[in-house]
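188 is the number that the UniProt record's numbering gives the last residue of the sequence shown; the numbers go up by one with no jumps.
Using N, Cα and C, we set each Cβ at its ideal position, and we do this for glycine too.
All of these numbers come straight from a predicted model, not from anything done at the bench.
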Amino acid sequence: MKKLLNLLLLSLFAFVAFQSFLFIKGNLGSSGQVEYEVNVETLPTELHPIVAEKVEILKEKAAEKEITILITDDYRSFEEQDKLYDKGRRTPGKVVTHAEGGESYHNFGLAVDFALQLENGNVIWDIEYDGNGNGQSDWFEVAEIAKELGFQWGGDWRGFKDYPHLQMDFGLTINNLQEGKRPKIPQS
Numbered sequence: 001m002k003k004l005l006n007l008l009l010l011s012l013f014a015f016v017a018f019q020s021f022l023f024i025k026g027n028l029g030s031s032g033q034v035e036y037e038v039n040v041e042t043l044p045t046e047l048h049p050i051v052a053e054k055v056e057i058l059k060e061k062a063a064e065k066e067i068t069i070l071i072t073d074d075y076r077s078f079e080e081q082d083k084l085y086d087k088g089r090r091t092p093g094k095v096v097t098h099a100e101g102g103e104s105y106h107n108f109g110l111a112v113d114f115a116l117q118l119e120n121g122n123v124i125w126d127i128e129y130d131g132n133g134n135g136q137s138d139w140f141e142v143a144e145i146a147k148e149l150g151f152q153w154g155g156d157w158r159g160f161k162d163y164p165h166l167q168m169d170f171g172l173t174i175n176n177l178q179e180g181k182r183p184k185i186p187q188s
């Protein structure tokens, strides 16, 4: 009986280890590691090409569900980030971010913010709005599409929820980005 139990435990361990390997391999580049390059001399000045491409696909897929989205912010310089950080702290307004310049994926071209655009052209940030009348929040429908495309959604964060925020980190932390690591740009 003890041998059988040990065999079962060993089999379970092997299965879990193999599944973990597959998960990790599926989230890494072909070399088996997160594919990045180091470039400490320059900072991005626009969206990473893969992020930009996925944003366009997101717009198309949302439109298929009769939802129009507007990208309200994408790449943001450190200076722009600091101005946003000051809101509700040093300047009037509501706090809109907890990230100072250099602490946001926007600063590295890896994040966008979106809103819903109505047929009359008005832009809204109502996360409960159901403009296509299917009984689901348009906002959450867009977030689900975005996650299927590989984005992480700020509405899933613990604590401070940033519902307009979508980012692709490519396995890199803010510290990695500050050290000069950048997601590789695909060669044409």
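CA-CA distance, residue i and residue j?
i           : j           : result
residue 99  : residue 56  : 26 Å
residue 139 : residue 178 : 31 Å
residue 155 : residue 73  : 16 Å
residue 21  : residue 110 : Any answer about residue 21 is weak, because its pLDDT of 39 lies below 50 and its placement is not dependable; what the coordinates show is given next. If you take the alpha carbons of residue 21 and residue 110, they lie about 26 Å apart.
residue 83  : residue 91  : 9 Å
Who are residue i's beta bridge partners in DSSP?
i           : result
residue 113 : 73 and 165
residue 123 : 117
residue 87  : 91
If you reduce the DSSP assignment to three classes, tell me which class residue i lands in.
i           : result
residue 152 : strand
residue 65  : coil
residue 142 : helix
residue 99  : coil
residue 27  : Its pLDDT being 39, under 50, residue 27 is placed unreliably in this model, and the coordinates cannot settle the point.
residue 105 : helix
residue 170 : coil
Let me confirm a value: residue i is counted as buried when at least 16 other C-beta atoms fall within 10 Å, else exposed. Which label applies?
i           : result
residue 181 : buried
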